[in-house]
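*Asks:*
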Amino acid sequence: RKEVEQDPGPFNVPEGATVAFNCTYSNSASQSFFWYRQDCRKEPKLLMSVYSSGNEDGRFTAQLNRASQYISLLIRDSKLSDSATYLCVVTLYSSASKIIFGSGTRLSIRP
Amino acid sequence: DAGVIQSPRHEVTEMGQEVTLRCKPISGHDYLFWYRQTMMRGLELLIYFNNNVPIDDSGMPEDRFSAKMPNASFSTLKIQPSEPRDSAVYFCASSLGPGFEQYFGPGTRLTVT
């Protein structure tokens with residue numbers, strides 16, 4: 227089993243729709259969680275951190291479910307510009323912190 | 414700040430040649446990360462440094478790969494000898510710590526023929 231797993235998609239949804247995807251992780255001791263966005267042929271950029279209590283940034287909501295070991299990203303009122311690959315990141319702190327990126331979920335918003 | 418700077422942006426080389434990728438992190442960031450991204454394997458962490466010291470190099474694929482950070486503002490990733498399977502995009506990123514946002518450079522697209 228991979229340490230961090232994401233549905234690769236692609237998710238193809240109409241503009242204005244709500245879309246959600248999850249990222250599961252295998253190590254229950256994981257401590258930090260993030261969502262990054264990567265546009266085609268560009269570098270990843272931080273979209274948002276994921277806090278235990280959940281957090282929202284405009285149309286984006288991130289949640290953490292420690293019991294089931296997954297994080298989620300919800301995008302409301304999707305825009306054409308939301309088309310990208312979304313990468314989840316899980317960090318485990320120790321003497322040598324382990325940082326694992328998921329393989330990404332492709333999202334395509336159609337007009 | 415100019416962000417993380419990587420050079421070259423593109424590199425095409427023949428199998429067996431030495432390749433050196435360069436990175437300048439954001440000033441004040443104590444952590445520097447090297448990643449490799451391919452369609453098959455996604456984004457893989459190769460090695461990271463804290464205050465110029467390599468902390469975890471377990472992601473370095475084999476002895477042909479080496480990385481150095483001689484000072485806080487410069488790091489290199491070297492492949493010698495290069496092989497076609499090393500073709501990928503190599504990203505450098507820096508941050509204040511492993512639990513903080515990572516800022517990625519634009520990447521070096523390496524093609525080994």
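Top line first, the protein sequences correspond to chains A and B.
With the numbering used here applied, the first sequence covers 227 to 337.
With the numbering used here applied, the second sequence covers 414 to 526.
For each residue, glycine too, the CB sits at the ideal point set by N, CA and C.
These numbers come from a predicted model, not from an experiment.
Counting only beta-carbon atoms, is Y319 of chain A nearer than 8 Å to chain B?
*Replies:* Sequence index remark: in the first sequence, residue 319 of chain A carries index 93 (1-based). At least one chain B Cβ lies under 8 Å of Y319 of chain A.
*Asks:* For chain A, find out if any of its Cβ atoms is closer than 8 Å to the Cβ of P511 of chain B; answer yes or no.
*Replies:* Reading the second sequence from its first residue, position 98 is the one you call residue 511 of chain B. Taking Cβ atoms only, chain A reaches closer than 8 Å to P511 of chain B, which makes this a yes.
*Asks:* Would you mind working out which of A:Y277, A:D233, A:I326, A:R263 sits nearest S307 of chain A, comparing C-alpha positions?
*Replies:* Position 81 of the first sequence holds residue 307 of chain A. Nearest C-alpha to S307 of chain A: A:R263.
*Asks:* Just to make sure I have the definition right: I need the residues of chain B whose C-beta is within less than 9 Å of the C-beta of G330 of chain A. Which are they?
*Replies:* Numbered from 1 along the first sequence, position 104 holds the residue referred to as residue 330 of chain A. Residues of chain B passing the Cβ test: G455, L456.
*Asks:* Hey, does P236 of chain A have any beta-carbon neighbour from chain B nearer than 8 Å?
*Replies:* Residue 236 of chain A sits at position 10 when you count from the first residue of the first sequence. No, P236 of chain A lies away from the interface with chain B (no Cβ there is under 8 Å from its Cβ).
*Asks:* Give me the subset of the region 269–280 of chain A whose CB atoms are less than 8 Å from a CB atom of chain B, sorted by chain position.
*Replies:* Listed in sequence order: E269, P270, K271, L272, S275.
*Asks:* Name the chain B residues whose beta carbon is nearer than 7 Å to that of F286 of chain A?
*Replies:* Along the first sequence, read from residue 1 onward, the residue named residue 286 of chain A stands at position 60. Going along chain B, no residue has its Cβ under 7 Å from F286 of chain A, so there is no contact; the nearest lies around 15 Å.
*Asks:* Go through its chain and collect everything with a Cβ distance to G235 of chain A's Cβ below 7 Å, but skip five positions before and after it.
*Replies:* Here the question's residue 235 of chain A lines up with position 9 in the first sequence. Cβ within range, chain order: T331, R332, L333.
*Asks:* On the three-pair Cβ rule with 8 Å, is the region 311–326 of chain A touching the region 463–470 of chain B?
*Replies:* Segments in contact, yes.
*Asks:* Judging by CA-CA distance, which residue of B:H442, B:Q493, B:E457 is the nearest neighbour of M428 of chain B?
*Replies:* Indexing the second sequence from 1 puts residue 428 of chain B at position 15. Closest option to M428 of chain B, Cα to Cα, is B:Q493.
*Asks:* Closer than 8 Å, CB to CB, is F327 of chain A near chain B or not?
*Replies:* Taking the first sequence and counting its residues from 1, the one referred to as residue 327 of chain A is at position 101. Answer yes: the Cβ-Cβ gap between F327 of chain A and chain B drops below 8 Å somewhere.
*Asks:* Could you spell out where the beta strand (DSSP E) holding V502 of chain B opens and where it closes?
*Replies:* Here residue 502 of chain B is taken as the residue at index 89 of the second sequence, counted from 1. Segment 501–508, the beta strand (DSSP E) holding V502 of chain B.
*Asks:* Determine the direct distance from the alpha carbon of F260 of chain A to that of G280 of chain A, and round the result to whole angstroms.
*Replies:* Start at 1 with the first residue of the first sequence, and residue 280 of chain A comes out as number 54. Start at 1 with the first residue of the first sequence, and residue 260 of chain A comes out as number 34. One C-alpha to the other measures close to 12 Å.
*Asks:* E269 of chain A and G518 of chain B look like a contact to me (Cβ under 8 Å); what is the Cβ gap, rounded to whole Å?
*Replies:* Looking up residue 269 of chain A in the first sequence gives position 43. Looking up residue 518 of chain B in the second sequence gives position 105. Contact holds; Cβ gap of about 6 Å.
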